[in-house]
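Read in order, the letters of the sequence shown correspond to residues 166 to 417 in the working numbering.
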Amino acid sequence: MTSVLGVISAKGGVGKTTTTANLAAALAQKGYNVTAVDGNITTPNLSIHLGCALYPVTLHDVLLGRAPIEQAIYHHPCGMRVVPASLAVSDLCVKPEMFQAAVSGLLRGRGLLIIDGAAGLGREARAVMAAADSLLIVTNPDLPSVTDALKAVRLAAQNGKPVLGVVLNRVGAYPSQMSAEEVVGMMDVPVLVSIPEDGAVPASIAAQTPVVLWKPRSRAARAYKHLAGIIVGEREPEAGSLLESLLGFFRR
Ligand code: ADP
Ligand code: MG
Numbered sequence: 166m167t168s169v170l171g172v173i174s175a176k177g178g179v180g181k182t183t184t185t186a187n188l189a190a191a192l193a194q195k196g197y198n199v200t201a202v203d204g205n206i207t208t209p210n211l212s213i214h215l216g217c218a219l220y221p222v223t224l225h226d227v228l229l230g231r232a233p234i235e236q237a238i239y240h241h242p243c244g245m246r247v248v249p250a251s252l253a254v255s256d257l258c259v260k261p262e263m264f265q266a267a268v269s270g271l272l273r274g275r276g277l278l279i280i281d282g283a284a285g286l287g288r289e290a291r292a293v294m295a296a297a298d299s300l301l302i303v304t305n306p307d308l309p310s311v312t313d314a315l316k317a318v319r320l321a322a323q324n325g326k327p328v329l330g331v332v333l334n335r336v337g338a339y340p341s342q343m344s345a346e347e348v349v350g351m352m353d354v355p356v357l358v359s360i361p362e363d364g365a366v367p368a369s370i371a372a373q374t375p376v377v378l379w380k381p382r383s384r385a386a387r388a389y390k391h392l393a394g395i396i397v398g399e400r401e402p403e404a405g406s407l408l409e410s411l412l413g414f415f416r417r
């Protein structure tokens, strides 16, 4: 049963934070109990995407024993909760393994946790993988991104972590991109949704508001809301018995 969903990609800049922010916001709008957690220990930016970068208490304060977890939970106007990470250079001493323990010990049980993973497959990203019950893989439809994403899928398999599927982001940005079928063929994991390249996304990030809230009728917003529908079982995934574990969480 999934209550902790990790969002990873291996490659940086493909849309993990955008996906975390928008999936969490779309689920909150549907009335689900959801908490977005920044799993980027050294270079966090979920709080920037969500407009709470000035929130005074972070996950780092909790990990360093400076505050209880309750104080590090920001209530976003859309109904979701956010656990931001510290932007301060002085907090870089926190170890990724402490993050994993905090998720298991302090955050689990507070609705669906969606964790924004770090780039790469180093200790930070692996701590998110270890803390998660299941994973969403974000990739762009190009060979370097998909090659890195495939490595993340193989690492997930080695660790016994189910992969719900792939979020194929920035589709249509340029003509030579891989098709969804080619991505499935290479990764052997279903593509749950294709998120189009959409100027509304960078504009929404500049406005520090997820695009599903900032421009709900944009193509990207509609695709992210479609992903939320897939995650809660209202929309058909392309192939998806693994989603049953997550649906079980919401039916509970
Ligand atoms: P990651 O968390 O994987 O590093 P981000 O979510 O921060 O990636 O996205 C990186 C950048 O890509 C963002 O600043 C945004 O401008 C751009 N971006 C992401 N998704 C889209 C999209 N669907 N359309 C256009 N630009 C996008
Ligand atoms: Mg990010």
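In this text, a Cβ means the ideal position worked out from N, Cα and C, and glycines have one as well.
Closer than 7 Å: residue i CB and nearest ligand 2 heavy atom
{"i": "N334", "result": "no"}
{"i": "K260", "result": "no"}
{"i": "D281", "result": "yes"}
{"i": "K181", "result": "yes"}
{"i": "N305", "result": "no"}
{"i": "N205", "result": "yes"}
Buried versus exposed call for residue i [16 or more other C-beta atoms within 10 Å across all chains shown]
{"i": "S251", "result": "buried"}
{"i": "D256", "result": "buried"}
{"i": "Y239", "result": "buried"}
{"i": "E399", "result": "exposed"}
{"i": "K380", "result": "buried"}
{"i": "R418", "result": "Because the chain here runs from 166 to 417, residue 418 falls outside it and cannot be looked at."}
Bridge partner(s) assigned by DSSP for residue i
{"i": "I360", "result": "N334"}
{"i": "T140", "result": "Since the displayed the chain opens at 166 and closes at 417, residue 140 lies outside it and no answer follows."}
{"i": "R246", "result": "T200 and H240"}
Cα-Cα separation between residue i and residue j, rounded to whole angstroms
{"i": "V227", "j": "G270", "result": "12 Å"}
{"i": "A283", "j": "I206", "result": "8 Å"}
{"i": "V248", "j": "P306", "result": "30 Å"}
{"i": "T184", "j": "V172", "result": "8 Å"}
{"i": "S410", "j": "V169", "result": "Interpretation of S410 is limited by its pLDDT of 43, a score under 50 that renders its predicted location unreliable; the figure taken from the coordinates is listed afterwards. So the two alpha carbons sit approximately 11 Å from each other."}
{"i": "L301", "j": "A232", "result": "30 Å"}
{"i": "K181", "j": "V222", "result": "23 Å"}
{"i": "V199", "j": "L329", "result": "18 Å"}
{"i": "A345", "j": "A321", "result": "21 Å"}
{"i": "S383", "j": "V332", "result": "17 Å"}
Distance CB(residue i)-CB(residue j) smaller than 8 Å
{"i": "A201", "j": "M245", "result": "yes"}
{"i": "H214", "j": "A186", "result": "yes"}
{"i": "V311", "j": "V348", "result": "yes"}
{"i": "K326", "j": "A175", "result": "no"}
{"i": "A365", "j": "A386", "result": "yes"}
{"i": "Y389", "j": "V397", "result": "no"}
{"i": "M351", "j": "V318", "result": "no"}
{"i": "V268", "j": "L277", "result": "no"}
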